[in-house]
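If you count by the numbering used here, then the sequence shown holds residues 1 to 322, one letter each, in order.
We put the beta carbon where it would ideally sit given N, CA and C, even for glycine.
One structure below.
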Amino acid sequence: MVAADVLRAALAGVLVVWHDDPLGIYAVAFGLSAGAALFNPAAHSVLSSVVADREIVAANSAVWTAAVLSQVVLAPLAGGLVALVGPGWAFGLNAASFLVSALALRGLRLVEPPGEVGRRRLLADAREGVALVGRDRLLRALAIGQLLAALSAGATSALLVVLAAEHLGAPADAYGILVGAIGVGAALGPTLLLRLIPDPRRPLYVFGSYVLRGVVDLVLASVRSLPVAAAALAMYGVGTSTGAVTFNSLLQSHVTDRTRGRVFALMDLLWQSGRLASLGVGGLLADTVGIRAVYYLGGMLLLLAAAVGFAASRTPAPSADA
């Protein structure tokens, strides 16, 4: 995680002085995404090593809420900073934030420090992670659900601006209202989860969030009212946040310390690959059939993910330790 933060700090620092070349910006964006692909699975894997089992859900909720609030609050501030003093200062602040994160993580003390991993061992671990997910019923259902949800969310999130303009007929500034509604729901979701459900680390709550999000997508494709769409998107935000918290908490509790990292890495690979495919297919579908078809298909994919999960969790799944 420290190495990923240092890498991202260096890349963001490049943009302090080199932010006028589109190719350079794309290259830096690629590097930042690669750093996130290293950081995120490691962060999810290590969380259960630094908090007690009874605190896992609360810890995941805190991490999620902090991430959402930082985006909601800091993104507008960054825009204001760019308008006032230019993009270089904004990228410099971004680079500094990665360095602060790296320094904070340097003080993290794990129960069992990770061992050295060579290239051959890395490939063997990756194969073992795939095999582990393949033979465990719950992990297999979570992986399928993750992929189907990514195939839905990639297009529906990117094309929300198209939905607002073409289907809702809303003015340009209404897009901010819709995105803000998602942010409000995403920030409130973990708090509601902790207050209403003592221990949500059960498949019902993971796959139930897919049902909520799927229904919202179907509503968005069917209504033309901006207030109704905003209210539905607030519920989508609730479903996204509670689903992420319960998903991560369930994985952290179900998988052993030795295999947790490779399982989270595989889940992240499925998510990013699915979103990438969804962006391409969703754009083509919107151009040829219309934006409503994208949201109808997205809703059905999420409901299919829920159905797969509910079917797999009807009988107790064997532990991943087996």
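{"Asked": "I need the DSSP call for S225, collapsed to helix, strand or coil.", "Found": "coil"}
{"Asked": "Would you mind listing the alpha helix (DSSP H) stretches within the segment 235-305 that are 4+ residues and don't spill past its ends, in chain order?", "Found": "257-288"}
{"Asked": "Would you list, in sequence order, the uninterrupted alpha helix (DSSP H) runs of no fewer than 4 residues that lie entirely inside the segment 94-179?", "Found": "119-135, 137-158"}
{"Asked": "Is it buried or exposed for V17, if we count other Cβ within 10 angstroms and need 16 for buried?", "Found": "exposed"}
{"Asked": "Closer than 6 Å by C-beta to V6: which residues in its own chain qualify, once you throw out the five before and the five after it? Chain order, please.", "Found": "A102"}
{"Asked": "Can you tell me the Cα-Cα spacing of V308 and D199, whole angstroms?", "Found": "22 Å"}
{"Asked": "Output yes or no for whether 7 Å exceeds the beta carbon distance between V245 and N60.", "Found": "yes"}
{"Asked": "Are there 16 or more other CB atoms within 10 angstroms of the CB of A29, so buried, or fewer, so exposed?", "Found": "exposed"}
{"Asked": "Taking the alpha helix (DSSP H) that D5 belongs to, which residues open and close that run?", "Found": "2-17"}
{"Asked": "Would you identify the three-state DSSP class for R314, choosing helix, strand or coil?", "Found": "coil"}
{"Asked": "Just verifying my parser: in three-state terms, what is the DSSP assignment at I56?", "Found": "helix"}
{"Asked": "Taking L220 and L163 to be in contact with their CB atoms under 8 Å, please state how far apart those CB atoms are, rounded to whole angstroms.", "Found": "6 Å"}
{"Asked": "What is the rounded straight-line gap between the Cα of V238 and the Cα of L192?", "Found": "9 Å"}
{"Asked": "Touch check for the segment 205-225 and the segment 270-277: three-plus C-beta pairs under 8 Å?", "Found": "no"}
{"Asked": "Measure the C-alpha to C-alpha separation of V51 and Q252 and round it to an integer number of angstroms.", "Found": "11 Å"}
{"Asked": "Reducing DSSP to helix, strand and coil, say where G185 ends up.", "Found": "helix"}
{"Asked": "If I measure Cβ to Cβ from G118 and keep anything under 6 Å in the same chain, skipping five residues before and after, which residues do I get?", "Found": "Caution applies to G118, whose pLDDT of 48 falls short of 50 and renders its modelled position unreliable; the value that the coordinates give is listed next. For G118, where only same-chain residues beyond five positions count, there are no Cβ hits under 6 Å."}
{"Asked": "Could you compute how far the alpha carbon of F207 sits from the alpha carbon of R213?", "Found": "10 Å"}
{"Asked": "How many angstroms separate the CA atom of G129 from the CA atom of R140?", "Found": "11 Å"}
{"Asked": "Is it a yes or a no for the segment 222-231 touching the segment 158-177, going by three-plus beta-carbon pairs under 8 Å?", "Found": "yes"}
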